[in-house]
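First the structure, in the form of structure tokens, and then the observations on it.
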Amino acid sequence: MKNRHLACPLAAAAALALAGCGLLPGGGQTRTVDIWLMRDSVSEDFLNRFTEAYENEHDDVELNVTIQDWTGIGKKVTEAIQGGGGPDLIEVGNTQVAQYADTDKLFDLTLESVRDLGSEDWLPGLAEPGSIGGSQYGIPWYAANRIVIYNKDLFAQAGVGGPPATRAEWLEATEKLNRQGSQGIYLAGQDWYTLAGFIWDEGGELAVDKGGQWTGALDSPAALRGMQFYKDLQSLGSGPKNADEQNPPQAEVFARGDVAQIVATPSAVAAVLKANPGLKDKLGYFTIPGKKAGTPCAVFTGGSDLIIPENAPDRGAALDVAKALAGEKWQTELARAMGYVPNKKSLASVVSGQEATAAMAAGAANGRATPNSPQWADVEADNPIKPFMTAVLEGKDATKAARTASAAITDTLSE
């Protein structure tokens, strides 16, 4: 664990030191906590309510929030944490924590995570990416993951009574749905986040860490079983084999009304209804089923963590703000306002009245994140998983294609 440095010298008398840091009433100083949040992570209403409530409860603290864009944020955060006097608290993508921790410029939050924040209940897909080498550098904030969005009318017409309980039942139902001019499912051939869930559900990995050396693992028997399930499911619709879910946007394809299912986050619903408002009362949602009934499929968990730079001007105040944002009250407010999954499994019930978000929360309990390597972003930049998927879907040798992709992953992660 890194050494902690106090903001004020302890050599002075305790009261004088505290007053000099603005920690005592009458100390005469207001502490400003500079916070970077990402665009569209929170609504203006949520941010205003949190800021007002927090400042009312802490009359010596002022929150200064700057909204950042995702484009180019990696370079900007890296420069900020390596420089001097940067922001006190930063929201980052959960899978980005490793690359920032690799700079050795993040504050170690392990003690606070265990002692104050209930880390044992955090969603694994948020907590695991924030943990590097046994130390916690990212505090889970919110999560989102894929669910199945379906057309109730097409389910009824095909005689499918409701959501399947297992992946085998899901295949059977999708076969029934793939009929009379309707697609059982629209699944693009390069939707690798969805594939990752099937691989994990089979016990496989995208890459494994062997003594500090990351190795691609798409050619393992478990990973190949996950790819085979993806192939079986993808064949029950007309999704392209050589494109991802954004080409064309799958929400727009689903909005035509002749597709029974898509795998997407609930945020896709807005795009579906914008393209076809008539589907408003025809949409249903269920958690991606796992191999066994009662256990959801593993899913990729996206979302955000909160980090505190070592160079933060006021780490103590930043930590207190992070605790508030990650605590039950504001987690509940955030989840309900934004349709997110709260950061703890025990808080899933706070979104029980929101059907799509509740389905997402159930899946998040079995969520995962991408391999926790600082170089994983480089893998995604020129992603070898996508051509591997296309090759398998087009009938090429799966094992050979997996070995090629795994070798590419290994090369990138070793750089």
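Residue numbers (this note's numbering): 887 to 1301. The beta carbon of each residue, even a glycine, is placed where N, CA and C say it ideally should be.
Simplified DSSP state of residue i, which is helix, strand or coil
| i | result |
| --- | --- |
| I1035 | strand |
| P1182 | strand |
| Y1079 | helix |
| Q1147 | strand |
| G913 | Reliability of the predicted coordinates at G913 is poor, the pLDDT of 48 falling under 50, and no value is obtained from them. |
| G1045 | coil |
| S1190 | strand |
| L949 | strand |
| A900 | Bear in mind that the predicted position of A900 carries a pLDDT of just 32, short of 50, making it unreliable; the figure below should be weighed with that in mind. Helix. |
| L1342 | Nothing in the structure corresponds to residue 1342, since the chain is present only between 887 and 1301. |
| T1276 | helix |
| D920 | strand |
Delimiting residues of the beta strand (DSSP E) encompassing residue i
| i | result |
| --- | --- |
| R1065 | Premise fails: R1065 is in no beta strand (DSSP E) and is neither H nor E. |
| L1169 | L1169 to F1172 |
Nearest residue (CA-CA) to residue i, options the options
| i | options | result |
| --- | --- | --- |
| E1006 | K1231, N1252, G970 and S1106 | K1231 |
| P1015 | M1224, I1193, C1183 and Q1076 | I1193 |
| E998 | D1105, L1205 and N950 | L1205 |
| I1295 | L1104, V951, K1209 and E1214 | L1104 |
| W1056 | Q985, P1010, I1033 and S929 | I1033 |
| C1183 | P1273, G1090 and L923 | G1090 |
| N938 | V928, S929 and L949 | Note that residue 938 corresponds to Glu in the displayed sequence, not to Asn. Of the listed residues, the one whose Cα sits closest to E938 is L949. |
| D1095 | G1202, G1019, A1074 and A1029 | G1019 |
| F1140 | S1121, G1112, T1080 and Y1072 | Y1072 |
| V928 | D1297, L1063, G1048 and Y1226 | Y1226 |
| V1185 | G1070, A1054, L975 and A1250 | A1250 |
| Q1069 | G1213, K1272 and G1125 | G1125 |
| E943 | A1210, T1298, E1061 and T1290 | A1210 |
| P1175 | Q954, K961, F1115 and A1277 | F1115 |
| N1064 | A1277, A1051 and F1041 | F1041 |
| P1152 | A1244, N1197, R935 and S1121 | A1244 |
| A1129 | A1284, F1274 and L992 | F1274 |
| I953 | D946, V963 and V947 | V963 |
| G1308 | P1049, L1279 and A1221 | Given a span of 887 to 1301 for the chain in the structure shown, any question on residue 1308 remains unanswerable. |
| N980 | D994, I1025, G971 and G972 | I1025 |
| A1223 | R1289, T1285, T1276 and Y1028 | Y1028 |
| A1156 | V1145, K1215, L1169 and Q1147 | L1169 |
| S1292 | L1092, L1220 and P1195 | L1092 |
| D1191 | G1112, K1177, G1164 and A1208 | A1208 |
Cβ-based burial, residue i [other Cβ within 10 Å; buried from 16]
| i | result |
| --- | --- |
| S1017 | buried |
| Q1076 | buried |
| W1100 | buried |
| N1037 | buried |
| P1107 | exposed |
| G1253 | buried |
| G1188 | buried |
| Q915 | exposed |
| V1237 | buried |
| N1229 | buried |
| W956 | exposed |
| Q1022 | buried |
| D1268 | exposed |
| T1173 | buried |
| E1058 | exposed |
| T1060 | buried |
| D1087 | buried |
| E977 | buried |
| R917 | buried |
| R1201 | buried |
| S1235 | exposed |
Unbroken alpha helix (DSSP H) run spanning residue i, endpoints
| i | result |
| --- | --- |
| Y1362 | In the structure as shown, the chain starts at 887 and stops at 1301, and residue 1362 therefore has no counterpart that could be examined. |
| L1159 | A1154 to A1161 |
| D1268 | Careful: D1268 lies outside any alpha helix (DSSP H) and carries neither H nor E. |
| D1297 | A1284 to L1299 |
Length at least 4, wholly inside the region 1194–1264: the alpha helix (DSSP H) runs in chain order: If we require 4 residues or more, the alpha helix (DSSP H) runs fully inside the region 1194–1264 come out as 1201–1212, 1214–1224 and 1241–1250.
Residue ranges of each beta strand (DSSP E) within the region 955–1033, 3 or longer: Here the runs fully enclosed are 975–979 and 1025–1031.
Those runs of the alpha helix (DSSP H) which lie wholly inside the region 1089–1141 and span at least 4 residues: As far as the region 1089–1141 is concerned, its whole alpha helix (DSSP H) runs of at least 4 residues are 1107–1120 and 1136–1140.
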